[in-house]
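Numbering (our numbering), first residue to last: 178 to 777.
Note that beta-carbon positions come from the ideal geometry of N, C-alpha and C, so glycine has one too.
See structure below.
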Amino acid sequence: MANMQPTTEILARISENSKENKDEVFTRLYRYLLRPDLYYVAYKNLYANNGAATKGVNDDTADSFSETKINSIIRSLSDGTYQPKPVRRAYIAKANGKLRPLGIPTFTDKLVQEALRMVLEAVYEPLFLNCSHGFRPRKSCHTALESLKREFTGARWFVEGDIKGCFDNINHQTLVGLLNSKIKDAKIAQLIYKFLKAGYLENWRYYTTYSGTPQGGIISPILANIYLHELDKFVMKLKSVFDKPRNNTYTPEYRALSNEMSRIRYQIKKAEGTQRDLLINQYQEIRRRLLKTPSKSQTDKKLVYVRYADDFLIGICGSREDCQWIKSQLSEFIANTLKMELSEEKTLITHSNEYARFLGYDIRVRREQEIKRNKQSGYTTRSLSGKVELCVPLVDKIRKFIIANGIAEQKSDGTLFAIQRPALQQMTDLEIVSTYNAELRGICNYYALASNYCRLSYFAYLMEYSCLKTLAGKHNSSMSKIRTKFKDGTGKWGIPYETKQGKKRCYFARFMDCKGAKSVRDTMDNSKITFGCSVNSFESRLKAKRCELCGTTESKHYEIHHIHKLKDLKGKNAWERAMIAKRRKTMVLCRSCHHKIHNN
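Spelled out as structure tokens, the structure:
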């Protein structure tokens with residue numbers, strides 16, 4: 178076992194095979210779930226998450242991870258006795274005021290799901306199409322929007338796709354059938370089926386799951402992508418049938434004016450004196466008319482498509498009747514093949530001159546006649562016409578956020594007035610400013626691609642004044658006195674705090690600093706497969722069989738002690754001081770020390 182090839186290295190090779198041979202069918206993948214090193218990588222991926230210390234239907238969390246736990250999981254998977262626990266159902270608020278159900282699995286189930294996810298990702302990630310951006314390595318909302326901005330140039334219609342309750346209505350039989358077509362391993366299919374049918378507990382009452390992916394499960398995103406990959410392939414087939422090159426590049430009107438300009442340009446070369454001046458004036462007049470005349474013949478047909486999770490947008494160069502036909506084809510495929518329903522009310526056909534909503538942005542194709550000179554060629558062109566414009570929905574998103582979070586209130590004339598937030602006044606000054614900064618940067622980073630980004634200056638102004646008023650309310654002071662108190666001598670203000678390197682200041686965030694930030698990517702990446710072939714610290718620390726608190730090497734069992742946040746530790750006990758000194762959320766302990774910590 179000591180010389181066993183790392184499982185992550187094997188998964189990297191499987192990923193390469195899947196990339197090079199798209200039609201390859203994989204077998205005997207279940208055996209990789211019986212290798213201990215995969216669970217150390219899985220734990221490394223999970224332990225730092227905020228949910229690692231959240232309990233499911235029992236007390237199982239990231240705490241108490243050990244070799245014994247891994248061996249127990251592998252034994253139950255090997256003899257087929259592993260049975261996932263039902264998830265604990267909780268609810269989180271949605272933007273429209275409704276509640277979204279969220280399932281919280283036990284940590285053991287999270288470990289197994291993470292190991293299974295790595296195996297599935299090695300097989301399927303190379304197969305997914307470039308139009309899919311949700312829950313994928315090095316992909317995000319921003320990559321979807323950048324792709325849209327680049328590829329939807331000149332689109333005349335938008336079809337906004339909406340599948341009713343997509344993740345809750347994934348058909349289990351269809352999903353397992355799709356998996357079986359690529360992975361011929363009955364044990365993998367059986368394990369996934371167990372997760373799909375595990376059910377959930379709500380108010381300690383058990384409910385069976387008849388459809389949908391595991392709520393809140395680690396494998397839910399990749400299972401949904403495997404399912405919706407069929408939709409991507411279907412749209413690409415539609416594209417191959419629908420696309421048609423244009424008969425003529427230019428409209429007859431544009432071509433006639435262009436030919437007239439060429440004729441006059443030829444005459445200008447030969448003319449002299451007054452005759453030449455008249456021809457130049459005539460040329461400039463025709464040029465002005467040309468720049469106001471539509472150039473594209475619009476005899477072509479083209480379909481472009483982008484999807485993030487269950488949200489998708491289709492751009493059409495064609496007629497409204499073409500959009501209706503594509504919508505009907507989508508509706509039929511989703512109903513018959515995916516066993517789901519396309520929402521007729523929310524699947525909108527919108528002219529690209531009007532705004533469509535996708536991933537929280539307002540999107541349209543410009544029809545602007547503004548003329549700009551190309552710096553390289555020197556020619557003047559309508560450079561913005563036909564280009565995609567991304568905008569911040571100021572009323573629907575920003576104003577709603579400001580009012581919902583008590584940052585400002587609306588006056589009778591419709592203007593906003595910054596107010597203090599009493600709920601934050603029990604925090605320290607540093608925590609108050611950090612909270613405002615996190616909210617401001619979060620929104621500004623997300624909308625960094627918007628053409629009307631500068632309109633967020635008013636949002637930043639309201640955030641800063643609300644922050645000052647909150648600090649003033651906390652100290653029974655005024656905004657001017659707070660600003661004076663925390664000035665740094667250069668005109669800026671910030672909260673001073675001490676670090677090991679000396680005194681520093683936490684300044685209020687500048688919204689324009691987010692504009693030039695690099696595009697945000699989802700945190701999931703492939704580094705665990707590409708670079709994770711070496712033994713990680715959890716494996717080496719556990720196999721060292723030494724308690725990091727008392728130093729004993731005589732114990733039969735060693736476990737990982739896990740805490741939620743380092744900042745929660747006060748340093749009163751020896752184990753707290755040890756974790757603070759190491760700056761780690763985990764510590765390998767003998768069972769005796771671990772029991773003492775939990776029993777105070």
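**Prompt:** Alpha carbon to alpha carbon, what distance is there between Tyr-370 and Leu-215?
**Reply:** Cα to Cα, Leu-215 sits roughly 21 Å from Tyr-370.
**Asked** Roughly how many whole angstroms lie between the Cα atoms of Ser-249 and Tyr-217?
**Response** 14 Å
**Whole beta strand (DSSP E) elements within the region 265 to 344, 3-residue minimum** = 276 to 281 and 334 to 339
**Item:** Segment limits, alpha helix (DSSP H) that includes Gln-444
**Value:** 429 to 447
**Message:** Looking only at its chain, what residues have a beta carbon closer than 8 Å to the beta carbon of Ile-706, apart from the 5 residues adjacent to it on each side?
**Reply:** At Ile-706 the pLDDT is 33, less than 50, meaning the model places this residue with poor confidence; the figure from the coordinates comes in the next sentence. Around Ile-706, the same chain offers Thr-185, Leu-188, Ala-189, Ser-192, Met-295, Glu-298 and Ala-299 as residues with beta carbons nearer than 8 Å, after the five sequence neighbours per side are excluded.
**Message:** What does the Cβ neighbour count give for Thr-763, buried or exposed, with the cut at 16 atoms within 10 Å?
**Reply:** buried
**Request:** With Asp-409 as the anchor, note down where its beta strand (DSSP E) starts and where it stops.
**Result:** Note, Asp-409: premise wrong, no beta strand (DSSP E); alpha helix (DSSP H) at 397 to 419.
**One or two residues paired with His-775 in a DSSP bridge** = His-775 pairs with nothing; no bridge assigned.
**Item:** Per-residue DSSP class, three states only, for Glu-545
**Value:** coil
**Asked** Where does Ser-508 fall in DSSP's three states?
**Response** When secondary structure is reduced to three states using DSSP, Ser-508 falls in the helix class.
**Message:** Checking 8 Å against the spacing of the C-beta atoms, do Arg-265 and Lys-271 come in under that value?
**Reply:** no
**Request:** Could you check if Gln-290 is buried or exposed, using at least 16 other CB atoms within 10 Å of its CB as the buried criterion?
**Result:** buried
**Asked** By a C-beta neighbour count over all protein chains shown, 10 Å radius and 16 as the cutoff for buried, is Tyr-404 buried or exposed?
**Response** buried
**Assigned exposure category for Thr-385 - 16 Cβ within 10 Å defines buried** = Taking a 10 Å sphere around the C-beta of Thr-385, we find fewer than 16 other C-beta atoms and assign the residue as exposed.
**Item:** Assigned secondary structure, Cys-727 (DSSP; H/G/I helix, E/B strand, else coil)
**Value:** In this structure, Cys-727 counts as coil in the three-state DSSP scheme.
**Asked** Hey, out of Ser-769, Leu-355 and Ile-740, whose CA is closest to Met-756's CA?
**Response** Ile-740
**Request:** With DSSP as the reference, label Ala-179 as helix, strand or coil.
**Result:** For Ala-179, the predicted model reports a pLDDT of 48, less than 50, meaning its position is unreliable and no value from the coordinates is stated.
**Request:** Leaving out five residues on either side along the sequence, give the residues of the same chain with a beta carbon under 7 Å from the beta carbon of Leu-211.
**Result:** Ile-251, Leu-254 and Ser-255
**Item:** Beta-carbon proximity check, Val-481 vs Phe-335, cutoff 8 Å
**Value:** no
**Straight-line Cα distance separating Ile-491 from Arg-497** = 13 Å
**Request:** Label His-775 either buried or exposed according to how many other C-beta atoms from any shown protein chain fall within 10 Å of its C-beta, with 16 as the threshold for buried.
**Result:** Burial is judged here by how many other beta carbons sit within 10 angstroms of a residue's own beta carbon; His-775 has fewer than 16 and is exposed.
**Asked** Alpha carbon to alpha carbon, what distance is there between Tyr-387 and Leu-373?
**Response** 8 Å
**Message:** I want to check one thing, is the minimum distance from the CB of Ile-584 to the heavy atoms of the ligand ATP below 7 Å?
**Reply:** Summarising the ligand content, the structure contains no ligands, and the ligand ATP is consequently not present.
**Item:** Residues of its chain near Asn-713, where Cβ-Cβ distance is below 6 Å and the 5 sequence neighbours each way are ignored
**Value:** Residue placement at Asn-713 cannot be trusted, given a pLDDT of 49 that sits under 50; what the coordinates show is reported in the next sentence. Correct list, in chain order: Tyr-217 and Lys-221.
**Message:** Would Tyr-568 and Ser-634 be called neighbours here (beta carbons separated by less than 8 Å)?
**Reply:** The question names Tyr, yet the displayed sequence has Cys at residue 568. Not a contact, by the Cβ cut-off of 8 Å.
**Asked** Is DSSP giving Met-689 helix, strand or coil here?
**Response** helix
**Message:** So, with DSSP's three-state summary, where would you put Ile-757?
**Reply:** helix
**Request:** Tell whether a beta-carbon distance below 8 Å holds between Asp-345 and Gly-389.
**Result:** yes
**Request:** Following the continuous beta strand (DSSP E) through Gly-393, name the residue where it begins and the one where it ends.
**Result:** Gly-393 -> no beta strand (DSSP E), and no H or E assigned at all.
**Prompt:** Taking three-plus beta-carbon pairs below 8 Å as touching, is the region 230 to 243 in contact with the region 729 to 740?
**Reply:** Counting Cβ pairs under 8 Å, three or more are found: they touch.
**Message:** Rounded to the nearest angstrom, what separates Thr-451 and Ile-457 at their Cα positions?
**Reply:** 10 Å
**Message:** Using only the alpha-carbon positions, how far apart do Asp-665 and Gly-671 sit?
**Reply:** 7 Å
**Asked** Would you say the region 455 to 470 touches the region 313 to 332, given that touching needs at least three Cβ pairs under 8 Å?
**Response** no
**Asked** Among all the DSSP beta bridges, which residues are the ones paired with Met-764?
**Response** His-738
**Message:** Could you give the first and the last residue of the continuous beta strand (DSSP E) run that contains Gly-492?
**Reply:** 488 to 494
**Asked** Which residue's Cα is closest to the Cα of Lys-478: Leu-455, Leu-536 and Ile-503?
**Response** Ile-503
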